[in-house]
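A.B. asks: UniProt numbering puts the sequence shown at residues 1 to 79. Yeah, the Cβ is synthetic: ideal placement off N, Cα and C, and Gly gets one too.
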Amino acid sequence: MRKMMIQSSENIGRYIRKVRKELDVTQKDLALTAGTGLRFIIDLENGKPTCQIGKTLQVLQVLGIQLNLSHTEFENEKS
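In structure tokens form, the structure reads like this:
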């Protein structure tokens with residue numbers, strides 16, 4: 001399992017594009033499977049910061065990408 005720290009919409013877009021290509025899935029097929037439009041996938045992969053979170057989560061799920069969140073303050077308290 002690869003882990004990546006996401007700090008910008010560009011980071012998540014690049015990661016989604018990389019996984020999609022590794023799975024040999026076209027943008028059009030991803031859009032159809034995720035229930036979004038092709039334009040959304042293009043914008044998402046290009047790092048558009050205003051992409052809807054709900055649709056983005058659908059795309060992540062279709063690609064098998066897990067999203068894990070953590071908060072530095074809480075992580076430091078556990079140590």
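1) Compute the Euclidean distance between the alpha carbons of residue 21 and residue 44, then round it to the nearest angstrom.
2) Check each candidate in 42, 32, 26, 19 and name the one with the smallest Cα separation from residue 63.
3) With distance defined between alpha-carbon atoms, name the residue in 50, 57, 67, 12 nearest to residue 34.
4) Classify residue 8 as helix, strand or coil using the three-state DSSP reduction.
5) As an exercise, report each continuous alpha helix (DSSP H) stretch of at least 4 residues that is fully enclosed by the segment 11-56, in chain order.
C.D. replies: Looking at the coordinates:
1) Taking the first residue of the sequence shown as position 1, residue 21 is located at position 21. Taking the first residue of the sequence shown as position 1, residue 44 is located at position 44. Near 14 Å, if we compare the C-alpha coordinates of residue 44 and residue 21.
2) Walking along the sequence shown from the start, residue 63 turns up at place 63. The shortest Cα separation from residue 63 among 42, 32, 26, 19 belongs to 19.
3) Position 34 of the sequence shown, counted from the first residue, corresponds to residue 34. That would be 57, whose Cα lies nearest to the Cα of residue 34.
4) The sequence position of residue 8 within the sequence shown is 8, counting from 1. Coil.
5) 27-34, 38-45
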